[in-house]
Amino acid sequence: MKGGYQYYKVFGFNRRFKISERRPPPDVIKAFNLCTNGEPHMSPDHFQRFLIEFQGEEGVMVDQVKMIMDQVLHQLRPKFSVCCFTLDDFFNYLFFDHLNGPITSEVHHDMTAPLQHYFIYTGHNSYLTGNQLNSDCSEVPIIKALHKGVRVIELDLWPNGSKDGIDVLHGWTMTTPVTLEKCLKSIKEHAFVNSPYPVIITLEDHLTPNLQVKVAEMVTEIFEDMLYHPKAGDDDEFPSPEALKHHVLLSTKPPKEHLERINGNHEDNMPNLDRDMSQFLHIESDDETGDVGNEKHEQKTPPEYIQLIGIHAAKANKELKKALTVGSGKGKRLSLSEQALEKAASLYGTDLVRFTQKNILRVFPKGTRVTSTNFKPLLAWMHGAQMVASNMQGYGKSLWMMHGMFRSNGGCGYVKKPDFLMSRGPNNEVFDQKVALDVKKTLKVRVYMGDGWHMDFSHTHFDKYSPPDFYTKLYMVGVPADVAKKKTRVIKDDWIPIWDEEFTFPLRVPELALLKIVVRDHDVSEKDDFAGQTCLPVSELRTGIRAVPLHNKKGEKFESVKLLMRFVFE
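Numbering-wise (the UniProt record's numbering), the sequence shown opens with residue 1 and increments by one.
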């Protein structure tokens, strides 16, 4: 942004404000001079030194360095002749978030562990376009979710008025339906646009057996080779995301007669977990609704439907502690409401962790969230819950945390759980977030400056009579002992605020910590205006001076708005 003046009308008169130029902060100038030994130009060798010594990018080769410099120079001045940076070129590079972003854009976690070893990006009532009571059902939000990297899609299946028609809708509400066929075809077309790792479709089944046959036929015909077919001789462990690449899995509650058959119809011979499942768990259903009519209770579920269930699911009834028993046999998926999770975490926290070491735990929003709001996901993640179901069509601070977690691992929708959530001590002890822990590492965050608002917003968007008064808030969210909040000073009347302030965050469990960043425009007489946000997984932060792109309230990235920040671990 070049210098000059900007005018605002106040009571018929023009009020003039000087426009600041974007200038490098002292740390950037110092880094440039140190790496160039005081010379006015930065060569590839100098730039390599910067990347290694200041940015912590060990192993970067000169050829890679030249490629980065070429990309930057081609964008700044296409007819450049020599591959070297001036100070301005170097400063501009630092704002290129696609080259100098705060986290890596590549998949780098081990993807060969069983599914229960991962946090999985999970949607709730994935077909809804708005609220939970009377919004339209559509394939469009499913497509949007898949494009964002969501890997678990929830569909509620209901019979419609025709003989063999199946609709997807939120039962016992005024939501308008969409056909199952349209949803399945959309999933097939868009499943792997963002990520090659498996898509899991959780079915909330309210169908009669003849319609379940129809579902089996439809799913088999639409997905063809994409569909995962569990085999009788499979291991007790779930398959890995790597083994399930480009596959679609179905997950729903197997019928009671199937559990009886596979366990010999003798309760005493049933594995502990299956016995607990049959006694204390009932059909997977967020809204606690039952089956349609009595026909389903009187007829057996067709085998062709049962054979397609890749992950058997259940839901805790009254005996919660017994439902969390880890028995022999294949792992299951258990669903808890957010209230049930809070109760379980309070009473049986370590049992939850043990359960999620073998099984998959899904947590869904309480039924009173009719406007499609979301609950804070950290409590579920602290106890190993793999599927924290969110209303992706909503927005708010809880969903920002979800976006932040799943920016990890290249945004592929699968994030490897920390080792401490999957391990046990010599006395069978597991991670307990209530136990006091020592500080493991300290994160230092320096907020240098921000830019881009003048390109993405009108000059009167924040204030009709003057340029904005920006400030930045930093929130550390994670285990209770790591929670903290910091704030920069307000920079008045400036589209390019320069704060140059540093903040320190001691962390006990950095593996589960998220750094939430929110910029606002200070307003004396009214509520401060929102000016951008992002949420970053601390364990994935790249050290050094980084460009941090900001997003709107819905999580959509602004075209130009960024912060320049530095991250250092001690």
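Every residue, glycine too, gets a C-beta built ideally from N, C-alpha and C.
This one's a predicted model, so the numbers in the text were calculated from it and none came from an experiment.
Run the CB neighbour count on residue 288, radius 10 Å, all protein chains shown included, and call it buried at 16 or more, exposed below.
Within the sequence shown, numbered from 1, the residue matching residue 288 stands at position 288. In this prediction, residue 288 has a pLDDT of 35, which is less than 50 and means its spatial position is unreliable; what the coordinates show is noted afterwards. Exposed, by the Cβ-count rule.
According to DSSP, is residue 393 helix, strand or coil?
Within the sequence shown, residue 393 is the residue found at index 393, counting from 1. Of the three classes helix, strand and coil, the one that applies to residue 393 here is coil, per DSSP.
Could you say which of 96, 63, 221, 396 lies nearest to residue 533 if we only look at CA atoms?
Start at 1 with the first residue of the sequence shown, and residue 533 comes out as number 533. The option with the nearest alpha carbon to residue 533 is 396.
What does a CB cutoff of less than 6 Å around residue 214 pick up in its chain, not counting 5 residues either side in sequence?
As a position in the sequence shown, residue 214 is number 214, starting the count at 1. Cβ neighbours of residue 214 beyond the five flanking positions: 164.
Can you tell me which of the three DSSP states residue 371 falls into?
Position 371 of the sequence shown, counted from the start, is the residue given in the question as residue 371. Coil at residue 371, not helix or strand.
Going by DSSP in three states, residue 107 sits in which element: helix, strand or coil?
The count along the sequence shown starts at 1 and reaches residue 107 at position 107. Looking at residue 107 - three-state DSSP - the assignment turns out to be coil, as it is neither helix nor strand.
Taking only three categories from DSSP, how would you classify residue 405?
Your numbering for residue 405 matches position 405 in the sequence shown. Here residue 405 sits in helix by DSSP.
Spatial neighbours of residue 143 within its chain, please: CB distance less than 7 Å, with the 5 preceding and 5 following residues excluded, ordered by chain position.
The residue given as residue 143 occupies position 143 in the sequence shown. Within the same chain, residue 143 has close Cβ partners 186, 190.
Mark residue 483 as exposed unless 16 or more other C-beta atoms lie within 10 angstroms of its C-beta, in which case mark it buried.
In the sequence shown, residue 483 corresponds to position 483, counting from 1. Exposed is the call here.
Take residue 262 and list the residues in its own chain whose beta-carbon comes closer than 6 Å to its own, dropping the five residues that flank it on each side.
The count along the sequence shown starts at 1 and reaches residue 262 at position 262. Legend: pLDDT at residue 262 = 45, less than 50; position of this residue unreliable, value from coordinates given subsequently. Excluding positions up to five away in sequence, the list is empty.
What is the rounded straight-line gap between the Cα of residue 128 and the Cα of residue 5?
Within the sequence shown, the letter at position 128 stands for residue 128. Within the sequence shown, the letter at position 5 stands for residue 5. Cα to Cα, the separation comes out at about 47 Å.
Are the segment 117-134 and the segment 359-375 touching by the rule of at least three beta carbon pairs closer than 8 Å?
yes
Is the beta carbon of residue 65 less than 7 Å from the beta carbon of residue 47?
Taking the first residue of the sequence shown as 1, we reach residue 65 at position 65. Taking the first residue of the sequence shown as 1, we reach residue 47 at position 47. Taking 7 Å as the Cβ cut-off, residue 65 and residue 47 qualify as a contacting pair.
On the CB-based measure, 16 or more other CB atoms within 10 Å of its CB, does residue 77 come out buried or exposed?
Indexing the sequence shown from 1 puts residue 77 at position 77. The residue in question, residue 77, is exposed, as its Cβ has fewer than 16 Cβ neighbours within 10 Å.
So residue 171 and residue 152 are supposed to be a Cβ contact under 8 Å. How far apart are they, rounded?
Taking the first residue of the sequence shown as position 1, residue 171 is located at position 171. Taking the first residue of the sequence shown as position 1, residue 152 is located at position 152. Contact doesn't hold; Cβ gap of about 19 Å is too wide.
Span of the alpha helix (DSSP H), counted from its first residue to its last, around residue 585:
This structure cannot speak to residue 585, because the chain is shown only from 1 to 570.
Does residue 5 come out as helix, strand or coil in the three-state DSSP assignment?
Position 5 of the sequence shown, counting from 1, holds the residue named residue 5. In this structure, residue 5 counts as strand in the three-state DSSP scheme.
Own chain residues within Cβ distance below 7 Å of residue 119, not counting five before or after
Here residue 119 corresponds to residue number 119 of the sequence shown, with the count starting at 1. These residues qualify, in order along the chain: 381, 386, 405, 415, 417.
Is DSSP giving residue 58 helix, strand or coil here?
Taking the sequence shown and counting its residues from 1, the one referred to as residue 58 is at position 58. If DSSP states are grouped into helix, strand and coil, residue 58 belongs with coil.
Consult DSSP for residue 555 and reduce its assignment to one of helix, strand or coil.
On the sequence shown, position 555 is the one that residue 555 refers to. In the structure shown, residue 555 sits in coil (DSSP, three-state: anything other than H, G, I, E or B).
Out of curiosity, what's the CA-to-CA distance linking residue 312 and residue 452?
Walking along the sequence shown from the start, residue 312 turns up at place 312. Walking along the sequence shown from the start, residue 452 turns up at place 452. Roughly 49 Å between the two C-alpha positions.
Which partner residues does residue 137 have in the DSSP bridge list?
Start at 1 with the first residue of the sequence shown, and residue 137 comes out as number 137. BP columns for residue 137 point to 128.
By how many angstroms is the C-alpha of residue 542 removed from the C-alpha of residue 498?
Start at 1 with the first residue of the sequence shown, and residue 498 comes out as number 498. Start at 1 with the first residue of the sequence shown, and residue 542 comes out as number 542. Cα-Cα distance, rounded: 22 Å.
For residue 36, the first and last residue of its enclosing alpha helix (DSSP H):
Here residue 36 is taken as the residue at index 36 of the sequence shown, counted from 1. Residues 26-36.
Reducing DSSP to helix, strand and coil, say where residue 83 ends up.
For the purposes of this step, residue 83 is taken as residue 83 along the sequence shown, with counting starting at 1. The answer is coil: DSSP assigns residue 83 none of H, G, I, E or B.
Is the beta carbon of residue 326 less than 7 Å from the beta carbon of residue 355?
Here the question's residue 326 lines up with position 326 in the sequence shown. Here the question's residue 355 lines up with position 355 in the sequence shown. A contact, by the Cβ cut-off of 7 Å.
Rounding to the nearest angstrom, what Cα-Cα distance links residue 283 and residue 253 in this structure?
Your numbering for residue 283 matches position 283 in the sequence shown. Your numbering for residue 253 matches position 253 in the sequence shown. Unreliable positioning characterises residue 283 in this predicted model, as indicated by a pLDDT of 31, which lies under 50. The coordinate reading is nonetheless provided below. Between residue 283 and residue 253, the C-alpha separation is close to 6 Å.
Name, in chain order, the residues that DSSP records as bridge partners for residue 250.
Within the sequence shown, the letter at position 250 stands for residue 250. Paired residues: 201, 309.
With a threshold of 8 Å, are at least 3 pairs of Cβ atoms found where one atom belongs to the segment 431-439 and the other to the segment 347-367?
yes
Beta-carbon proximity of residue 456 to residue 559, cut-off 7 Å
Translated into positions along the sequence shown, residue 456 becomes position 456. Translated into positions along the sequence shown, residue 559 becomes position 559. Yes.
So, helix, strand or coil for residue 538, using DSSP?
The sequence position of residue 538 within the sequence shown is 538, counting from 1. Helix, per DSSP.
DSSP on residue 487, reduced to helix/strand/coil?
Along the sequence shown, read from residue 1 onward, the residue named residue 487 stands at position 487. Residue 487 falls in the strand class under three-state DSSP.
Can you grab the Cα-Cα spacing for the pair residue 37 / residue 471, in whole Å?
Position 37 of the sequence shown, counting from 1, holds the residue named residue 37. Position 471 of the sequence shown, counting from 1, holds the residue named residue 471. One C-alpha to the other measures close to 35 Å.
Which residues mark the beginning and the end of the alpha helix (DSSP H) in which residue 186 is found?
Mapped onto the sequence shown, residue 186 falls at position 186. That run of the alpha helix (DSSP H) goes 180-190.
Taking the beta carbon of residue 566 as the centre, do at least 16 other beta carbons fall within 10 Å, making it buried, or is it exposed?
On the sequence shown, residue 566 is found 566 positions in, with the first residue counted as 1. Looking at its Cβ environment, which holds 16 or more other Cβ atoms inside 10 Å, residue 566 is buried.
So what does residue 14 bridge to, in DSSP terms?
Here residue 14 refers to the residue found at position 14 when the sequence shown is read from its first residue. In the DSSP output, where bridge partners are listed per residue, residue 14 has 9.
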